[in-house]
Amino acid sequence: MNNYAIVKNNIVINLIVWDGIAEFSPDVGEVIIAPDGVVIGWGYENGEFIAPPIVQHAMTVDEAEQQKVSLTNAAQQSISLLQTKLLMGRTLTSVEKGKVNAILDYIDELESVDTSTAPDIEWPAPPGDQAS
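Heads up, the sequence shown is in my numbering, so the first residue is 1 and it goes up one at a time.
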């Protein structure tokens, strides 16, 4: 008994254990003897099985999107009290105005981050974290 991969469009779509004697013909794909360790999703090119990348680009982009949302939410939360003061008609000190403007600039920088370049993203530093 051997392991066989059913390959369609250079991708392993199924695996079977087959004695190679009995008649077998898959509905789709090509039947190729597979070494141990090959699983569904592996590639097959030029007579060789190829393991898929460990981390898919789409997954790193999703993680970057989540990071972007998290950083934006934290920034918004850090100025929510000051926004409430303004809504209540209170006046902000010059330090508070500076903080609000710095955080709003930071949020603008976050919004401009292109997460499709993940994992090669240079995240902007939050206000107060910049080197002097």
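Beta carbons are placed, not taken as given, at the ideal position from N, Cα and C, and that holds for glycine. These numbers were taken from a predicted model, which means no experiment stands behind them.
Residue nearest to residue i in terms of C-alpha spacing, selected from the options
i	options	result
M170	V95, F49, S80	Absent from the model: residue 170. The displayed extent of the chain is 1 to 132, so no value can be given.
N101	S112, S116, P126	P126
N2	Q77, I33, E23	I33
D36	I16, T115, Q66, V61	I16
S78	G128, S25, E30	G128
T115	T60, V55, G29	T60
Exposed unless 16 or more other CB atoms sit within 10 angstroms - verdict on residue i
i	result
G5	It should be pointed out that residue 5 corresponds to Ala in this sequence rather than to Gly. By the neighbour-count rule (16 or more Cβ atoms within 10 Å), A5 is buried.
V7	buried
T117	exposed
A131	Low per-residue confidence applies at A131: pLDDT is 47, beneath 50, and the placement is therefore not dependable enough to give any value.
V135	A question about residue 135 goes unanswered here, because the residues of the chain that appear run from 1 up to 132.
A64	buried
Contact belief for residue i with residue j at Cβ below 8 Å, rounded distance in angstroms
i	j	result
A75	I121	Not quite, the Cβ-Cβ distance comes to about 16 Å (not below 8 Å), so this is no contact.
K85	V113	At roughly 29 Å, the Cβ-Cβ gap does not stay under 8 Å, so K85 and V113 are not in contact.
V124	L104	The question names Val, but residue 124 in the sequence shown is Pro. About 13 Å; that fails the 8 Å criterion.
L82	K99	7 Å
Proximity test, Cβ basis, 8 Å: residue i and chain D
i	result
Y44	Here there is only one protein chain, and chain D is not present.
(message) Check whether the segment 37-51 and the segment 10-27 touch, using three or more Cβ-Cβ pairs below 8 Å as the test.
(response) Taking 8 Å as the limit for Cβ pairs, the verdict is that the segment 10-27 does touch the segment 37-51.
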